[in-house]
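Residue numbers (this note's numbering), protein chains in the order written: chain L, 1 to 456; chain B, 1 to 456. Glycine included, every Cβ here is placed at the ideal spot set by N, Cα and C. Please read the structure below before turning to the comments.
2 protein chains.
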Amino acid sequence: MTRYLAPAALLPAGWTDDVLLEVDDHGWIRSAAAVATERHAAVRLPGPVVPGVVNGHSHAFQRGLAGGAELRSPGGDTFWGWREALYRFLDRLGPDEMEAVAVQLYTELLEQGYTRVVEFHYLHHDPRGVRYADPMEMSHRLAAAAAAAGIGLTLLPVLYQAGDFGGARPAPGQLRFLNDCDGYLGLLDGVSALGGEARGSVQAGIAFHSLRAVPPSAMDEVMRAAPPDLPVHIHAAEQPREVRDCQAWSGLRPVEWLLHHQPVDRRWSLVHCTHMRPHEVGGLASTGATVVVCPSTEGNLGDGLFALEAFLDAEGSLAIGSDSHVSTSPVEELRWLEYGQRLATGRRAVAASDRHPSPGRRLLEAVGAGGAAAAGVEVGALAPGHQADWVVLDPSHPVLAGRRNDGWLDAWVFSGNQSPIREVWTRGRRVVAEGRHPHRDAHARAFRRVMSQLMK
Amino acid sequence: MTRYLAPAALLPAGWTDDVLLEVDDHGWIRSAAAVATERHAAVRLPGPVVPGVVNGHSHAFQRGLAGGAELRSPGGDTFWGWREALYRFLDRLGPDEMEAVAVQLYTELLEQGYTRVVEFHYLHHDPRGVRYADPMEMSHRLAAAAAAAGIGLTLLPVLYQAGDFGGARPAPGQLRFLNDCDGYLGLLDGVSALGGEARGSVQAGIAFHSLRAVPPSAMDEVMRAAPPDLPVHIHAAEQPREVRDCQAWSGLRPVEWLLHHQPVDRRWSLVHCTHMRPHEVGGLASTGATVVVCPSTEGNLGDGLFALEAFLDAEGSLAIGSDSHVSTSPVEELRWLEYGQRLATGRRAVAASDRHPSPGRRLLEAVGAGGAAAAGVEVGALAPGHQADWVVLDPSHPVLAGRRNDGWLDAWVFSGNQSPIREVWTRGRRVVAEGRHPHRDAHARAFRRVMSQLMK
């Protein structure tokens, strides 16, 4: 057991001064409460402490393509052209490249305040679609990358079987993603064993790529056979064409189809949900499922704006993800999630409410709870039974100067394009000090080496 | 004369390797061209060189409020509630506070790649509206701040006379802004003399706050009396209410009114222009006037999206500004300017064209030319006769790894939320080295002191 003393901390009950945090030897918070007198046996944390942010949706390898798939093709570009660029990039990406890119990404995520990443992992096989000698090869590489960086990992092996709705044959660029249900369940078993004794270091979860890529019978088979307590993720309703194709196939929109045909509940996370009608917003919120929005990627790909206000009003569970990693900053995601609403409505403080007047705090607390649900681990709050994943802000940083409590959060979210983070801790260990990961330079060197090979 | 050798540079003709840049002793580029052999007498620049970015619209003091005016008021918030918060903040802001806040801001702007700032300066008098002993007091403070940081300054004293369209009486919060035309022209003379012998260190310009705040007769009087070669700036069409009020007053929308009643041409910069009809977009573009868009502020205030694609198609002149400084990064402005278009249209690479396939380069080159027009100084290009204002990128930074030429620009704009800038130079002097301003810590200390006073 180690004791930490924070000058201020955002507890579930609100901002509290002089907080003692007790953390057990496995990295779980045992108690978090104000102390009347200083305890000299405690380690002093050098600033206000807030829960770390869960990154609810990541494809780690796409960090290698971030900012590198922007060129216009003759005639113009869409999401679908970007997907072709992605498939070409994948032709050259093997296990070593995957690991180096993931280590770099996870290091960047930690420095920006993410303490756990939910990896939506569909790159299982070699570039021709041939299984590696160990079918878990790529999963091991992601787990090794998370361990090297020190970030918490929820690893979702992804089921991918078809090229489009109705079981269309996969394209050559998709061969690396494919598994039959038995192969998939084997992967899921393997990932579930990765954490070993250390509860919470690697958490497994189920993922279906999308309704395009997974026939209903395969979803049903996996849901029947898989353990009943794992989180379940799926991409849904990101692009208008996907919605139209889903309607042509089933008569229903993607979120409608899931609400009708799958036992969507608190275990479930639906990624994007950009294109929902009001009845889908309300229906989905009422199931307790989490929506993982990815504002920077959705902006980059031209997906559209999530119905944030209606979903929060319906008490929906919200998380954020950096997805394609065109941004690795949680606060850039949150501020542009909010700004998208402001631009659409002409009003400010849309994510706030009379009861929650600070939009920065409302958004951070919402994605704390939703991120924990998406990750399938008790994180996102400074409370007993939660992982000791936290961020120590630097109140002397110019971004935060003159602010206090909720003011720190609004300033971080709404003006923090230089990061006011002093330290980041995951499972009771400090992994970022003075704003820097201790292995930042070594990780960047390995990443540069790989990128210069990949771009040859 | 000093000679610099860049391993690569973005010249007006395009990316060029091994470029020799010759800079005279006043900080102006004399030549910029490829050299066949290395000249050992040249100073080597440690990375690819691109023109510095002009920040075409700044209210420096608002940096003190960035991220600090986000709380929801009961019943909800709009632009107009934010303006009330701004006026309250101003009650406590004197010359010393103005200077410390501006020094901090300008230091941050330089580190992020802005090399010149166009200061739209309307805070002339003391909190009760009383003239300072020297009516130029606040202007001197801004010039001192720019000199302390080393950023190029275009200083626009702003004419402000009325509380609303039709000459309504100013509100108490506006007393600090007011001048009659003679007082205003005196300020303009004073600012014009600030640069002294050093052409380009401080450039003066004219600004009318808005059609709300300046009666037509006053605009005409200033335009007749002021020197005929200064840039002219005005806020226009930021908010729907402003457009409606302008129509009620004149029968015309703000941009329509300006096109009808003022000699709008290349000297003019219209700030925001969020709410334009297609005929206004085309009409404005054809005058050669510059539109200064401020995407992060327009997002924060819920203004709306600028008609970027139509304006670029009409060959309009574009600049960016950080305005209220909720972001101090030019690339955050540019990427969300582009993402706004993608979200609205469902297409990617909207700012690109078949002739200009890289949206990062297209946007940076557009705001280079437009920024120079807005600033009234030859900047924004690595070419003879331009100020030696440039940014040296760090090609080994993880944001740029594996990229080259336009790929550096797309990666910087579309994935650079950690800054890949190694050096920044203004007028031939290096003002940022290894990504840091040499006085970063001292400037932050002074800023913190002021902010803790202001927030008491």
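At a cut-off of 8 Å between C-beta atoms, VAL291(L) does not count as an interface residue with respect to chain B.
Using a Cβ-Cβ cut-off of 8 Å, PHE306(B) does not count as an interface residue toward chain L, since no Cβ of chain L sits closer than that to its own. In the structure shown, the three-state DSSP call for PHE208(L) is strand. Within the same chain, Cβ atoms closer than 7 Å to the Cβ of ASN300(L) are found at SER324, VAL326, the five residues on either side in sequence being excluded. In the structure shown, the three-state DSSP call for GLN203(B) is strand. Boundaries of the alpha helix (DSSP H) around ASP313(L): 308-313.
For the pair TRP425(L) and ASP389(L), the CB atoms are nearer than the 8 Å cut-off. DSSP places HIS279(B) in the helix class (H, G or I) of the three-state scheme.
In the DSSP assignment, ASN55(L) falls within the beta strand (DSSP E) that extends over 53-58. Sequence-distant Cβ neighbours of GLY316(B) in its own chain, meaning closer than 7 Å and more than five residues away, are LEU284, ALA285, VAL291. At a beta-carbon threshold of 9 Å, none of the residues of chain B lie near PHE311(L); the nearest stands roughly 17 Å away. A distance below 8 Å separates the beta carbons of VAL293(B) and LEU318(B). Under the 8 Å criterion on CB atoms, VAL432(B) is classed as non-interfacial with respect to chain L.
Nearest C-alpha to GLY27(B) among GLU378(B), VAL399(B), LEU409(B): GLU378(B). Neighbours of MET451(B) across chain L, judged by C-beta separation under 7 Å: ALA401, GLY402. In this model, ASP180(L) and VAL35(B) are separated by some 60 Å (Cα to Cα). Taking C-beta atoms under 8 Å as the contact rule, LEU123(B) and PHE61(B) qualify, at a distance of about 6 Å. Chain-ordered listing is empty here: chain L has no CB closer than 8 Å to the CB of GLU378(B), the nearest sitting near 29 Å. Between the region 217-235 of chain B and the region 265-278 of chain B, the count of C-beta pairs closer than 8 Å reaches three or more; the two stretches touch.
Here ALA411(B) is near VAL399(B), since their CB atoms are less than 8 Å apart. Note that the region 355-369 of chain B does not touch the region 131-140 of chain B; fewer than 3 beta-carbon pairs, one per stretch, sit closer than 8 Å. LYS456(L) is the residue among ASP77(L), GLY360(L), LYS456(L), ALA373(L) whose C-alpha sits nearest the C-alpha of GLY402(B).
Excluding its 5 nearest sequence neighbours in each direction, GLY113(B) has C-beta neighbours in its own chain below 7 Å: GLY52, VAL53, PRO330, VAL391, ILE421, VAL424, listed in chain order. Contact between GLU238(L) and VAL255(L) does not hold, since the beta-carbon distance rounds to 11 Å and is not under 8 Å.
For PRO48(L) and GLN161(B), the gap between their C-alpha atoms comes out near 45 Å. For ASP96(B), the enclosing alpha helix (DSSP H) covers residues 95-112. Straight-line measurement puts the Cα of HIS125(L) at about 24 Å from the Cα of GLY196(L). HIS386(B) and ALA102(B) have their alpha carbons spaced roughly 25 Å apart. For the region 357-379 of chain B, the residues whose beta carbon sits under 8 Å from a beta carbon of chain L are, in order, PRO357, SER358, PRO359, GLY360.
Cβ proximity to chain L below 7 Å picks out nothing from the region 86-101 of chain B. Nearest neighbour of GLY163(B) by Cα position, chosen from VAL214(B), ARG131(B), LEU153(B), SER415(B), turns out to be VAL214(B).
Look at PHE165(B) here: in three-state DSSP terms it is coil, with no helix or strand label.
For GLN104(B), the C-beta contacts it makes with chain L under 8 Å involve PRO398, in order along the chain. By the Cβ-count criterion, VAL43(B) is exposed, with fewer than 16 other Cβ atoms from all chains shown falling within 10 Å of its own Cβ. As the crow flies, the alpha-carbon of LEU337(L) is around 12 Å from that of GLY340(B).
Here the alpha carbons of PHE79(L) and GLU70(L) stand approximately 11 Å from one another.
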